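Per mature numbering (1 follows the signal peptide of the UniProt record, and there is no 0): the sequence shown = residues -18 to -1, 1 to 243.
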Amino acid sequence: MRCLTAALLITLSLTARAAEEIVTPAPPFTGWSWYNEPKKPPAPPEQKKIPAPPPSVPDLSKMTAVEQAQFLQAVTKESLNRAILYPTKENTATYLRWQKFWTDRASMFSQSFAASQLQNPDLDYNLEFPHYNSTAPLVQGRDQQSRAQAIARLGQQYGLFYFYRGSDPVDVQMAGVVADFAKTNQLSLIPVSVDGQVAPSLPASRPDNGQSQTMNISHFPALFLVDPRSRKFQPLVWGFMTQDDLAKRFLNVSTGFKPNF
């Protein structure tokens, strides 16, 4: 009986210890670090990307002509660059359409230009200055007549003073031009040599006795218009010039250099 009781006590003791081990779990094993790593929370579900809205096209009717042109030119340049960087048929066709747009506008402007001249003859350049070959001799004759009249008009009031250096080839070359021009147009001419050497085409040249200094002439050759009555003078030519250009200069001076175009 005592043996049985002892066996029961031993069994009860072992059973209690086993129950205690079940109720109270053993601490976790810490031999490997990955056992203790915190669990990552589940990733949130991916959200669908909302496409960006296409760029809005400005209202051209509310823009000035300058703003419209700048916008359309920028679009055209963008289409050209896109066609070059990404040469597809679609991109090239887009640029060609813009190119045609500008070509059509240029053609329309050209036609409106002609129509405007027809309605406003004062704007027609060809009416006053014909540019056709058949009219060239007539225009040249008219220009020559205007120059001759200007030379004669100035010649009634002014004489010519020509200051030159007889040792300089350019001055001597210009001396021949001035001598022939004065003789042809019957102009009074007084040549003045500033270095004492006389040009062959101007044997009646006078020495410079301070006239060039008094008139503040520092560049040569120099051709001046001089009024003997009022003693007023003004430069006509500096340097070399042909007879044709010299005649044009007389016309410019007589008209106050009014544009002829």
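Backbone N, C-alpha and C define an ideal beta-carbon position, used for all residues, glycine too.
Since we're looking at a predicted model, the values are computed, not measured.
Grab the span of the alpha helix (DSSP H) containing residue i for me, first residue to last.
i, result
"residue 235", "225 to 236"
"residue 48", "47 to 67"
"residue 82", "71 to 101"
"residue 108", "107 to 110"
"residue 194", "193 to 196"
The beta strand (DSSP E) with residue i in it runs from where to where?
i, result
"residue 39", "Run containing residue 39: none; DSSP gives neither H nor E here."
"residue 216", "215 to 220"
"residue 206", "204 to 208"
Comparing C-alpha positions only, which one of the options sits nearest to residue i?
i, options, result
"residue 152", "204, 169 and 197", "204"
"residue 233", "56, 126 and 62", "126"
"residue 39", "46, 53 and 47", "53"
"residue 51", "66, 83 and 73", "83"
"residue 239", "202, 129 and 195", "129"
"residue 150", "101, 108 and 177", "177"
"residue 241", "111, 49 and 103", "111"
"residue 164", "193, 122 and 225", "225"
"residue 85", "195, 58 and 72", "58"
"residue 197", "103, 90 and 217", "217"
Under 8 Å between the Cβ atoms of residue i and residue j?
i, j, result
"residue 207", "residue 215", "yes"
"residue 158", "residue 180", "no"
"residue 222", "residue 155", "yes"
"residue 231", "residue 219", "yes"
"residue 80", "residue 92", "no"
"residue 135", "residue 43", "no"
"residue 96", "residue 77", "no"
"residue 123", "residue 167", "no"
"residue 105", "residue 116", "no"
"residue 161", "residue 183", "yes"
Does the ligand ZN have a heavy atom nearer than 7 Å to the CB of residue i?
i, result
"residue 119", "Absent from the structure shown: the ligand ZN. Ligands present: none."
_Check whether the stretch 155 to 173 and the stretch 124 to 144 touch, using three or more Cβ-Cβ pairs below 8 Å as the test._
A contact exists between the stretch 155 to 173 and the stretch 124 to 144.
*asked:* Please give the ranges of any beta strand (DSSP E) in the stretch 113 to 183, keeping only runs that are unbroken, at least 3 residues long and fully inside the region.
replied: If we require 3 residues or more, the beta strand (DSSP E) runs fully inside the stretch 113 to 183 come out as 141 to 146 and 171 to 175.
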